[in-house]
Each structure stands twice: as structure tokens, then as C-alpha cells.
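Inspection log for the structure reproduced underneath, given as C-alpha cells.
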Amino acid sequence: MHMTLQEAETLVQGVFEANGVLAETARSVAHALVHAEAAGQYGHGLRRIPAYIGQARNGKVDGKARPTALRPRPAVLTVDAALGYAYPAFDLAAEKLPGIAREQGIALGLIQRSHHAGVMALTVERFAEQGLVALMFANAPASMAAWGGRKRLFGTNPIAFATPVAGEDPIVIDLALSTVAAGKIMAARQKGESIPEGWAFDAEGRPTTDPNEALKGVMAPSGGAKGAALALMVEILAAGLTGGNFSHEASSFMEEKGTPPSVGQILIVIDPTAGAASAVERIAELAQEMASEEGVRLPGRRGRNARRAAIEKGLDIEDEVVAAIKALA
Numbered sequence: 001m002h003m004t005l006q007e008a009e010t011l012v013q014g015v016f017e018a019n020g021v022l023a024e025t026a027r028s029v030a031h032a033l034v035h036a037e038a039a040g041q042y043g044h045g046l047r048r049i050p051a052y053i054g055q056a057r058n059g060k061v062d063g064k065a066r067p068t069a070l071r072p073r074p075a076v077l078t079v080d081a082a083l084g085y086a087y088p089a090f091d092l093a094a095e096k097l098p099g100i101a102r103e104q105g106i107a108l109g110l111i112q113r114s115h116h117a118g119v120m121a122l123t124v125e126r127f128a129e130q131g132l133v134a135l136m137f138a139n140a141p142a143s144m145a146a147w148g149g150r151k152r153l154f155g156t157n158p159i160a161f162a163t164p165v166a167g168e169d170p171i172v173i174d175l176a177l178s179t180v181a182a183g184k185i186m187a188a189r190q191k192g193e194s195i196p197e198g199w200a201f202d203a204e205g206r207p208t209t210d211p212n213e214a215l216k217g218v219m220a221p222s223g224g225a226k227g228a229a230l231a232l233m234v235e236i237l238a239a240g241l242t243g244g245n246f247s248h249e250a251s252s253f254m255e256e257k258g259t260p261p262s263v264g265q266i267l268i269v270i271d272p273t274a275g276a277a278s279a280v281e282r283i284a285e286l287a288q289e290m291a292s293e294e295g296v297r298l299p300g301r302r303g304r305n306a307r308r309a310a311i312e313k314g315l316d317i318e319d320e321v322v323a324a325i326k327a328l329a
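Residue 329 is where the sequence shown ends in the working numbering, and the numbering goes up by one at each step.
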């Protein structure tokens, strides 16, 4: 089915409101999921809606939660997501952190008692569009073993980064520390497709191309021991510093029942002029040097261009996905 982005957002927002979610929260969640879909990140897009709605119905996520912010120190902002969806908390952080970063040179945002972070590129990009550099770290329910182990201990624990580039679109990096994001395996399961070799292991530690077996087993870390070490780092930053559940303590983002995941996210926002007035111009020189070589693409441009195309031309959404969403109203 073909829809404009506004039509898709209106549909999704209405479904969340019909399930008792606050209107402003429903609007925030709908925007995040539809724009994830528009960016081609289907594992974090509309296919998440049944689980999101099921969790609201079962009290695993509080659809009536309102995030609150405190500033305990000059450069620190804490945002309590209050066991609700993460996106309203990100909206609040995006509203308050830029002013702190410009005042202090750097700002630390701690998102507490949170939920699925979705496509973090969309969050860090908001700061780059205001001339600020941003880093974001998030932990997620355990799906990856420590290096040398077989027990689920770490989540896919994504990292995101965005920087302004003078006269150009921002550079945006968003990656999971597993070989792929868990959402891609979930999407393959929903579509009845196999997954490539090297993505995951089954419960016995054997490589698998079956998404069902992969979701029972563990994800493969990106870069082997290095990826597993970075996952530990993110675990400490995102959960340890926010008081959130560690990945092995958090309930699944995909299952409808259980206790709230209560994971954490951390944002570091930097005013690039604090150290060098010409920083964004120098970054533009580096970007131009990269782009001058045939075959080199700057990170984040593909997703941004996909969203621009979707804004102009709309989205083609599978009929079964639309039907599943409408059935939840």
C-alpha cells in the first residue's frame, strides 16, 4: 500500500491512542517508527508496532508516562523516561541539551528507565542539524555473549555519532556492535526469510541461517573480540552510569509480557567551536576529500536520501504490515 509519511504517521498515532497511549507520546512514537521505515531500517520501523502495542496493553511499557528532566550539575541532564517509550525522552533531551552544550562546551544526557532506542541516527542527527556534535550509546536486552562465552550477556548495544559539516548534510554513523541489529533478524523471521551466514549462532553455539534459531541463540559480535569489548564499554556507559538494567537483566523488546526493560541511554553533545572555531569547515574539507574518491560514500547519506525520497514520494508498505497495524486499533 502506498502512503505519504503524514498518512502513515496519522495511522500509527491513531492506533497507539486507541490503545490508551497519550496523544503526545503516540505522536512521538509514530514519527520515530515511520521515519525509521522511511530510512530503510525496517527492523526498527513499522514491524515493531505489534510488540509495542502488546507491551502497552500488558503494562510492560507505560503508555501514559511523561518524561521528566533534572539538571543535577551544570553540564549534566538526567531524563527519566518513567518506564515509557524512549522517544518522548529523546525529544526532551533534544530540547534541553543543545543549550547546555553551548553554555558549557559539552553536555551529558542520561536517559533512565527507558525502552527501545530505535534508529539512533535519527536522534543524533537532530543535534548535528543544530551545529553540534553528538554521540549516543544504548544497551539492549541480552543477545550476545562475552568473547569466549556462550551465555547471553550483552545486547547489540548500538553506538551512534553525528557531526555537522559546513555547507553539507551531517555525517551520521549508527551501528550495532553485533554483526547486524537484532531487528534485522526479527524482520527476516516475520518475512519467512533465512539470514546470511555469520549473523548469529543457535542455542548450541552453531552458526545458523534460521532466524528462529538465531533468536534462541546469540548474535555474533562485529569484529570478534573487539566488538565484544566495545559492547562491554557501552553496557557500562548506558546502563552502569544511568542506573538502568544491564542487558542480561532486561526483558525482551520483542515479547509483549514481562517486567519493563528499564534500559538506559547516554548522550554526549559537544559544541565544536569550543576547541576550534573552524571545526565544521575543517570537517567539510575531510568530507570532500573522502567524497572525491570514486566508490566512497559518506556515512548517513543513504538513509537521509531515502527519507528525502519518502517525504517527496511517499512509502510503499507491505499490505500485511498495514493490515496488522489496523487490526490493533
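Beta carbons are placed, not taken as given, at the ideal position from N, Cα and C, and that holds for glycine. Computed from a predicted structure; not experimentally measured.
Proximity to GLY223 [Cα-Cα], best of ASP169, SER251, THR156: Nearest C-alpha to GLY223: THR156.
Check this for me: beta carbons of GLU9 and ALA36, under 9 Å apart or not? Contact: no.
I'd like the ranges of any beta strand (DSSP E) spanning at least 3 consecutive residues and lying wholly in the region 45–115. Counting whole runs of 3 or more residues, the region 45–115 contains the beta strand (DSSP E) stretches 68–73, 76–80, 106–114.
Within 10 angstroms of its Cβ, does PRO72 collect 16 or more other Cβ (buried), or is it exposed? With a threshold of 16 other beta carbon atoms within 10 Å, PRO72 falls short and is exposed.
Can you grab the Cα-Cα spacing for the pair GLY183 / TYR42, in whole Å? Each residue's Cα considered, the two are about 8 Å apart.
Ends of the beta strand (DSSP E) at GLY264? Counting along the chain, the beta strand (DSSP E) containing GLY264 begins and ends at 263–270.
LYS60 classed as buried or exposed, judged by whether at least 16 other C-beta atoms fall within 10 angstroms: Buried, since its Cβ has 16 or more Cβ neighbours within 10 Å.
Cβ-based burial, THR68 [other Cβ within 10 Å; buried from 16]: Around the beta carbon of THR68, a 10 Å sphere encloses fewer than 16 other beta carbons of the protein chains shown; the residue is thus reported as exposed.
Pairing CB atoms from the region 142–156 with CB atoms from the region 123–131, are three or more of them under 8 Å? Result no; under three Cβ-Cβ pairs closer than 8 Å.
Using the DSSP secondary-structure output, state which residues sit across from LEU135 in a beta bridge. In the DSSP output, where bridge partners are listed per residue, LEU135 has PHE161, ILE268.
Closer than 8 Å by C-beta to ALA284: which residues in its own chain qualify, once you throw out the five before and the five after it? Chain order, please. If we look at ALA284 and ignore the five residues flanking it on each side, its Cβ neighbours are VAL165, ALA166, GLY167, GLU168.
Since HIS116 and ALA146 should fall inside the 8 Å C-beta cutoff, what is the C-beta to C-beta distance between them, to a whole number of angstroms? Contact check for HIS116 and ALA146: beta-carbon distance about 23 Å, past the 8 Å limit, so the pair fails to qualify.
Do VAL269 and LEU70 count as a contact pair if the criterion is CB distance below 9 Å? Contact flag unset, no.
Beta-carbon gap between MET136 and ILE159 smaller than 9 Å: Contact: yes.
So for PHE253, helix, strand or coil by DSSP? Looking at PHE253 - three-state DSSP - the assignment turns out to be coil, as it is neither helix nor strand.
Evaluate contact between the region 237–248 and the region 111–126, counting only Cβ atoms and requiring at least three cross-stretch pairs below 8 Å. Yes, they touch.
Would you say ARG150 touches the ligand COA, meaning its beta carbon is less than 8 Å from a heavy atom? As presented, the structure is devoid of all ligands, the ligand COA included, so that no description of it is given.
When the Cβ atoms of the region 17–30 are set against those of the region 226–234, are three or more pairs found closer than 8 Å? Contact between the region 17–30 and the region 226–234 is absent, because fewer than three Cβ pairs lie under 8 Å.
So, at 6 Å on beta carbons, what are the nonlocal neighbours of ALA250 in its own chain, with the 5 sequence-adjacent residues on each side left out? Once the five neighbours on either side are set aside, the close Cβ partners of ALA250 are PRO141, PRO261, VAL263.
Return the chain-ordered list of same chain residues with a C-beta closer than 8 Å to the C-beta of LEU341, the five sequence neighbours on each side being excluded. Only positions 1 to 329 of the chain appear in the structure, and residue 341 is not among them; the question remains open.
DSSP-derived helix/strand/coil call for SER178: Strand, per DSSP.
Only counting the same chain, and skipping five residues up and downstream in sequence, which positions put a Cβ closer than 6 Å to that of HIS44? Closer than 6 Å at Cβ, skipping near neighbours: ALA36, GLY118, VAL119, GLY183.
Alpha-carbon spacing of THR78 relative to ALA93, whole angstroms: One alpha carbon belongs to THR78, the other to ALA93, and they sit about 8 Å apart.
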